[in-house]
Every structure is written in structure tokens, then in C-alpha cells.
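> Numbering (this note's numbering), first residue to last: 5 to 220. I have a structure I would like to understand better, so I am pasting it below and will then ask my questions one at a time.
Here you go:
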């Protein structure tokens, strides 16, 4: 069989074409990483949301049994935690709702490295992932009742204790837990997923001049 000769020529890629190929690969890689990251964070985000729904529901049950007042507005003599509002013992307020919450596990966000308490009897601040609104009442449906503790004020991470949020304070989230976003349960029991901008907006329209948050 005679040899078959071809006159086909293969043209090498130019520099511009190579750069285009590299750019396309870079975009596809970024899309892939974003999809993987979203898939990885979603389960913890959903579980955190469910935790806060349970917390919000527990507050509603408690209020129904205590004259429409949350634990922070009821004396310890009557089963509340009002005497601890000015202290940094956040766990006291959740312990007052031990019957409504049923288990301490719901007080820990799955994205947090904190561990759930074995029981409410040994509950402490280190077993809690969520801040608590100290001056929230049943009559303030848009107030910040509870939410992820990794807050910032004027871009500085906040520590444990009482935090007063006024209108001249810029509030946001750190990158921890939910990557500069967070979950919050409002006074009406609804759970919202807030970016930094939405958290700032909600803080300004919560129904109180100063949002007093207890950070565990």
C-alpha cells in the first residue's frame, strides 16, 4: 500500500489564545470552588437556622405562660432571669427556659467549635453560640432576640459581655461561622439570614433606640 502523504499543518496557539484559555480555566475553577464551598456550608447553615427557630419558639411558649413576658422581663422568683440582665451570665436566661428548650444542644451552632452542655444544670456561656437581646419584649416583633455571636462593631470583633448597639455604631459579622453572614431570630419568632448590610438595617429598625445584646 503506497504511503499517504498529508499536507495538513498544525497551527500553534498564539500568546493571546493561551491567555484566553488560562482565563477560561480560571473562571471554571472559581465556579467549582464556589459550588463546593456553598455545598459545604449549607448543612451547618440549615442546622443553625433550625436551632434558632427552636429558640424563638421556646421564647413564645415561655411568654405565653408568663403574661406575654420573656425570661429577661420576669423575676427569678417567678421562673425568669430579670435579675441577671445586667450581668454577663447569658446562660441564666436560657436556663430559665430549660423546660421549653428541652435540650442544650440547640444552643450551639454546628459551625461553632463550642460544645453543647450535657445538661442545663451545668450550662455556661462556653456552651452557647448565640447572643441574646436583653431588652427584647413580646411587643417588639422586629427586635433582635437571638443570633450568631460572631459580631463586629465598627469592624472590630466583639467580646463576651453586654453590647449596646446605638444608631452610630456599624454592626456586622466576622468571617467565622457563616462567612460574613449570620442567622438571627427576631422578636416575632421568625429566623432571618442577614448579610452585614441587612443586619445593620435591622438593628436600626428593631423598635428600640439601643439594642442591648448579651454576648456569651
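Beta carbons are placed, not taken as given, at the ideal position from N, Cα and C, and that holds for glycine. Predicted, not measured: the structure shown is a model, and the values here were computed from it.
Just to confirm my understanding: we take residue 214, look at its own chain, exclude 5 residues before and 5 after, and list those with CB closer than 8 Å. What are they?
Only 139, 168, 169 and 170 meet the Cβ criterion.
> Bridge partners for residue 150 per DSSP, in chain order?
BP columns for residue 150 point to 136 and 189.
> Inspect the CB distances between the segment 89 to 102 and the segment 181 to 191 and report whether three or more fall short of 8 Å.
No, the segment 89 to 102 is not in contact with the segment 181 to 191.
> Suppose the cutoff is 7 Å on Cβ atoms and the five residues either side in sequence are ignored; what does the same chain contact list for residue 61 look like?
Only 193 meet the Cβ criterion.
> Thinking C-beta only, is residue 134 closer than 7 Å to residue 118?
Contact flag unset, no.
> Among all the DSSP beta bridges, which residues are the ones paired with residue 198?
Bridge partners of residue 198: 186.
> Determine the direct distance from the alpha carbon of residue 122 to that of residue 50, and round the result to whole angstroms.
Roughly 23 Å separates the two Cα atoms.
> Is residue 218 near residue 136, with beta carbons less than 7 Å apart?
Yes, these two residues count as a Cβ contact at 7 Å.
> When you compare each of 74, 94, 189 and 84 to residue 164 by their alpha carbons, which one comes out closest?
Among 74, 94, 189 and 84, the Cα nearest to that of residue 164 belongs to 94.
> Determine the contact status of residue 72 and residue 116, defining contact as a CB-CB distance below 7 Å.
Not in contact: residue 72 and residue 116 (Cβ atoms no closer than 7 Å).
> So is residue 107 buried or exposed if we call it buried at 16+ other beta carbons inside 10 Å?
Its Cβ having fewer than 16 others within 10 Å, residue 107 is exposed.
> Run through DSSP, which three-state label would residue 215 get?
Three-state result, residue 215: strand.
> Pull up the distance between the alpha-carbon of residue 91 and that of residue 111, whole angstroms please.
Taking the straight line from one Cα to the other gives about 19 Å.
> In chain order, what residues of the same chain lie with their CB nearer than 8 Å to the CB of residue 56, ignoring the 5 residues before and after it?
So the qualifying residues of the chain are 134, 150, 151, 187, 188, 189 and 195.
> Determine the burial state of residue 197: buried for a count of at least 16 other Cβ atoms within 10 Å of its Cβ, exposed for fewer.
When all chains shown are included, residue 197 counts as exposed.
> Tell me the rounded alpha-carbon separation between residue 175 and residue 124.
The alpha-carbon atoms of residue 175 and residue 124 are separated by roughly 31 Å.
> Only counting the same chain, and skipping five residues up and downstream in sequence, which positions put a Cβ closer than 8 Å to that of residue 159?
Correct list, in chain order: 174 and 176.
> Can you tell me where the alpha helix (DSSP H) with residue 105 in it begins and where it stops?
Run containing residue 105: 102 to 105, per the alpha helix (DSSP H) assignment.
> Tell me residue 156's beta-bridge partners as DSSP assigns them.
Note: residue 156 sits in a beta bridge opposite 161 and 176.
> Please check the pair residue 129 and residue 220, which I expect to be a contact at CB under 8 Å, by giving their CB distance rounded to whole angstroms.
About 4 Å; that satisfies the 8 Å criterion.
> Can you give me the C-alpha to C-alpha distance between residue 172 and residue 18, rounded to a whole angstrom?
Approximately 56 Å, taken between the alpha carbons.
> Which two residues bound the contiguous alpha helix (DSSP H) that contains residue 97?
First-last of the alpha helix (DSSP H) with residue 97: 95 to 99.
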